[in-house]
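First residue of the sequence shown? That's 1 in full-length UniProt numbering, and the numbers climb one at a time after it.
Remarks on the structure that follows.
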Amino acid sequence: MSLPLFPLNTVLFPGCILDLQIFEARYLDMIGRCMKKGEGFGVVCILDGEEVGIAPEGYARVGCEACITDFSQQDNGLLGIRVRGGRRFIVHDSSVQADQLTVAEVEWLEEEPEQPLQDEDADLVALLKALAEHPMVEALNMGTEATGQQSLANQLAYLLPFNELDKIDLLQLDDPQQRLDAIQALLDELQGELFA
């Protein structure tokens, strides 16, 4: 499956919302094509390079489909779009077009079926509820109700201030329980640093 990529300094997760301002010609063209075809594009995290200018050399091989849910002309004249994370994918091969747009051959990753929340998830559910009250999270209008372990893991991995490499590792995990365990371990590490 061929997918245009939008390398960013962020990691998108399924079901999560991301607002973008589009001003480069390659991405304006890409968004136009996606909207005409009713298709998404791929968000991958930059490991080496910049968001603007020539296509970055290094980016994560795991990414998330971005489905456009809304768009508007910003006050500054730029195109603003809102996307929702769709399916996860692995990049097998990619090429950079003349306009510096990266197009990749991707394989969609299977999602585990949603598992019901467990009693031991209560602290993480409470953390998500607390995060939902933050004005920046509220503005995303993501609906931060966890419907199960997968949705809880995705939202926490997206919203918590982990570094990009940790988020990439979380995105690669297929099993929601493993992802929740990894999130808990990262939180324990953060807490340890705070109180060290």
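C-beta: ideal position from N, C-alpha, C; glycine also.
Given the structure is predicted, the values throughout are model-derived calculations rather than measurements.
Taking 8 angstroms as the upper bound for CB-CB distance, Gly86 and Ala66 are in contact here, some 7 angstroms apart. Proximity to Glu111 across Asp99, Gly42, Lys167, Asn154 peaks at Asn154, based on C-alpha coordinates. Proximity of the segment 84–100 to the segment 59–76 meets the contact definition, three or more beta-carbon pairs being nearer than 8 angstroms. Contact between Leu109 and Val137 is ruled out by a C-beta separation of about 26 angstroms, above the 8 angstroms threshold. Assignment of Gly63 by DSSP, reduced to helix, strand and coil, places it in the strand class.
Leu28 and Ala122 have their C-alpha atoms spaced approximately 42 angstroms apart. Note on Val52: under 16 other CB atoms within 10 angstroms of its CB, so exposed under the neighbour-count rule. In the DSSP assignment, Ile81 falls within the unbroken beta strand (DSSP E) covering 79–96. A contact is defined here as three or more CB-CB pairs under 8 angstroms, and the segment 162–178 fails this definition with respect to the segment 21–39. At least 7 angstroms separates the beta-carbon of Ala55 from that of Cys45. For Cys45, the enclosing beta strand (DSSP E) stretches over residues 41–48. By the neighbour-count criterion, in which a residue is buried when 16 or more other Cβ atoms sit within 10 angstroms of its Cβ, Gly40 is buried. Taking C-beta separations shorter than 7 angstroms and ignoring five residues to either side along the sequence, the partners of Gln97 in its chain run Val103, following chain order. Ala139 is not a Cβ neighbour of Phe13, given a cutoff of 7 angstroms. Going by DSSP, Leu5 is part of the beta strand (DSSP E) stretching over 2–8.
Residue burial is scored here from C-beta neighbours: Met1 has fewer than 16 other C-beta atoms within 10 angstroms and is therefore classed as exposed.
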